[in-house]
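S.K.: Below are the structure tokens for one structure; questions will follow.
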Amino acid sequence: MSPEDFELAARFLKERSGLVLTRDKTYLLENRLMPLVRDLRLKSVADLIAGVRASDPAMQTAVIDAMMAKDTAFFRDWKPYVHFRTVVLPNLRVARGIQTRFRVLSAGVSTGQEAHSVAMTIKDVSSSFPGWNIEVVGIDISATAIAAAAKGIYSQFDVQRGLPIRTLLQYFTKQEDSWVLNDGVRNMVKFQTWNLMDDLFPLGRFDAIFCRNVLVYLDLKTKLEVLQKLGRLLVDDGVLYLGLNETVMGVSSNFRAVDPDLGIYAAHRADRPASLSLAAKVDL
Ligand SMILES: C[S@@+](CC[C@H](N)C(=O)[O-])C[C@H]1O[C@@H](n2cnc3c(N)ncnc32)[C@H](O)[C@@H]1O
């Protein structure tokens with residue numbers, strides 16, 4: 001790949017998706033784009049970059065989609081979901097007992113495992129929320145990932161990554177080589193193609209936001225912008241889950257650390273005691 005093509009692709013990806021590609025990542029660009037070159041029956045990556053240069057919208061969208069790292073797993077890292085189940089959900093039941101509704105966002109949801117893990121966690125304790133209006137929203141810049149997420153059909157390999165056998169048998173039905181998520185869980189989640197670089201306000205506000213293993217690909221400035229936007233979407237006592245190696249420290253003052261090793265942060269509102277946060281452990 002020519003240095004000019006690399007520069008153009010790197011600039012385009014950063015502007016449109018926030019993805020940062022340093023010069024030593026030429027191999028990554030080529031590796032991720034080669035399947036697309038084959039699918040579109042082009043001759044080389046240079047043909048794709050020519051499409052990006054010519055502002056061909058379909059080509060541009062396909063290049064962004066192909067470049068995204070979509071690696072994910074059910075109940076990834078496990079402990080954040082234990083916190084959500086044992087701390088946030090009981091707090092929500094008390095704090096939202098009058099409204100009987102709450103919403104969770106999975107931002108950068110990839111093929112849906114994160115949002116579906118949240119939905120299964122809520123389903124497990126659904127007897128505590130009779131008649132509640134509970135919504136889980138999954139968004140991702142990749143339309144192909146979102147289409148797969150909305151189907152709720154996973155391979156044997158996918159379900160072996162993180163799903164306890166009991167949960168698998170409880171919420172999935174085996175169909176030939178695949179596992180199909182039951183409608184009860186699937187209907188709790190709405191998926192939408194959405195770029196975190198765009199206005200997020202139309203999504204509405206959320207009680208908890210999972211944005212795990214997404215910000216790690218962004219440069220500091222973009223990370224700050226996204227964190228500011230996510231902070232505005234969170235309700236005053238809301239909770240933010242980042243990936244284990246991600247932090248808001250030194251990036252944004254809109255959040256307060258709850259368990260930084262697990263990537264758990266609370267919305268920081270100066271006039272609000274930390275004990276009122278949904279992320280705060282309460283002694284019953
Ligand atoms: C490594 S996956 C993480 C999936 C899941 N959150 C998890 O932790 O398992 C990162 C996801 O973030 C998405 N992503 C990256 N940049 C994005 C952006 N600007 N807007 C929305 N989604 C984005 C990618 O398409 C990809 O699906």
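Note that the sequence shown covers residues 1 to 284 in this note's numbering.
All C-beta atoms in this analysis are idealised placements derived from N, C-alpha and C, irrespective of residue type, glycine included.
Just so we're clear, the structure is a prediction, and the values are computed from it rather than from any experiment.
1) Kindly give me the distance between the Cβ atoms of Val52 and Phe12, rounded to whole angstroms, as I take these residues to be in contact under 8 Å.
2) Can you give me the start and stop residues for the alpha helix (DSSP H) that Asn213 sits inside?
3) Going by other Cβ atoms of all chains shown within 10 Å of its Cβ, with 16 needed for buried, is Asp47 buried or exposed?
4) Do Gly138 and Trp78 come within 9 Å of each other at the CB atom, strictly closer than that value?
5) Give the secondary structure of Val180 by DSSP, where H, G and I count as helix, E and B as strand, and everything else as coil.
6) Using beta-carbon positions only, say whether Tyr241 and Phe210 come within less than 9 Å of one another.
7) By the 10 Å Cβ neighbour count, where 16 or more other Cβ atoms means buried, how is Gly97 classified, buried or exposed?
8) Measure how close the beta-carbons of His268 and Asn254 come, nearest whole angstrom, since I'm counting them as under 8 Å.
9) Would you report the Cα separation of Val235 and Ala266, rounded to the nearest angstrom?
10) Using the DSSP secondary-structure output, state which residues sit across from Tyr265 in a beta bridge.
11) Does DSSP put Ala208 in a helix, a strand or coil?
12) Counting Cβ pairs closer than 8 Å, one from the segment 197-213 and one from the segment 163-182, do we hit at least three?
13) Per DSSP, what are the beta-bridge partners of Asn133 in this structure?
14) Would you tell me roughly how many angstroms separate the C-alpha atoms of Phe206 and Leu278, rounded to the nearest one?
15) So Val214 and Ala145 are supposed to be a Cβ contact under 8 Å. How far apart are they, rounded?
16) Give every residue of the same chain whose Cβ lies closer than 7 Å to the Cβ of Asp5, excluding the five residues on either side of it in the sequence, and list them in chain order.
17) Between Leu92, Val189, Ser155, Gly131, which lies nearest to Met120 when the distance is taken from Cα to Cα?
18) How would you write the range of the beta strand (DSSP E) that Lys174 sits in, first residue to last?
19) Assuming Ala149 and Phe84 make a contact with CB atoms under 8 Å, what is their CB distance in whole Å?
20) Pick out the complete alpha helix (DSSP H) segments inside the segment 41-128, 4 residues or longer, and give them in chain order.
21) Assuming the contact rule is C-beta atoms closer than 8 Å, Ala95 and Asp237 should be a hit. Round their C-beta distance to whole Å, please.
22) Quick one: does the C-beta of Phe210 sit closer than 8 Å to a heavy atom of ligand 1?
23) When every heavy atom of ligand 1 is checked, does at least one fall within less than 8 Å of the C-beta of Asn120?
24) Tell me where the beta strand (DSSP E) around Ser17 begins and ends.
M.R.: So, to answer that:
1) 5 Å
2) Per DSSP, Asn213 belongs to no alpha helix (DSSP H) and is neither H nor E.
3) exposed
4) no
5) strand
6) yes
7) exposed
8) 6 Å
9) 10 Å
10) Leu240, Ala257
11) strand
12) no
13) Arg101
14) 12 Å
15) About 12 Å separates the two Cβ atoms, so there is no contact after all.
16) Ala46, Ile49
17) Val189
18) 172-175
19) Going by Cβ atoms, the distance from Ala149 to Phe84 rounds to 19 Å, so no, they are not a contact pair.
20) 45-53, 57-67, 79-83, 89-95, 113-124
21) 7 Å
22) yes
23) Going by the sequence as given, residue 120 is Met instead of Asn. No, ligand 1 has no heavy atom inside 8 Å of this Cβ.
24) That residue, Ser17, is in no beta strand (DSSP E); its alpha helix (DSSP H) goes 3-17.
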